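Residue numbers (my numbering): 1 to 77. All C-beta atoms, glycine included, are put in the ideal place defined by N, C-alpha and C. Just so you know, these numbers come straight off a predicted model, no measurement behind them. Just below is one structure, and these are the notes that go with it.
Structure follows, in structure tokens:
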């Protein structure tokens with residue numbers, strides 16, 4: 001089972017390197033490109049989470065869950 005998962009990951013890693021043509025570059029160039037891809041992915045995720053999610057929620061009239069949940073420290077006994 002574990003070997004199948006490892007083979008699956010290796011197959012897709014190989015495909016990724018072939019499609020992006022990163023198998024031809026040196027190791028430091030490959031690491032630089034991976035860091036750039038990770039930063040871009042993080043920026044796209046943040047934009048989608050902060051901007052597009054709130055925009056589509058307000059467009060469709062959906063109240064965010066964070067506004068419906070009562071904060072933990074606000075109860076006074």
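Element boundaries [alpha helix (DSSP H), containing residue 6]: On the chain shown, residue 6 is found 6 positions in, with the first residue counted as 1. Where residue 6 is concerned, the enclosing alpha helix (DSSP H) stretches over 2-20.
For residue 29, three-class secondary structure by DSSP: Start at 1 with the first residue of the chain shown, and residue 29 comes out as number 29. Of the three classes helix, strand and coil, the one that applies to residue 29 here is helix, per DSSP.
Keeping to the same chain, check which residues put their C-beta closer than 6 Å to that of residue 17; ignore five residues upstream and five downstream. Position 17 of the chain shown, counted from the first residue, corresponds to residue 17. For residue 17, where only same-chain residues beyond five positions count, the Cβ hits under 6 Å are 23.
So the alpha helix (DSSP H) residue 50 belongs to, where does it begin and stop? As a position in the chain shown, residue 50 is number 50, starting the count at 1. Careful: residue 50 lies outside any alpha helix (DSSP H) and carries neither H nor E.
Skipping 5 residues on each side, what residues in its chain have a beta carbon closer than 8 Å to that of residue 25? Walking along the chain shown from the start, residue 25 turns up at place 25. Cβ within range, chain order: 33.
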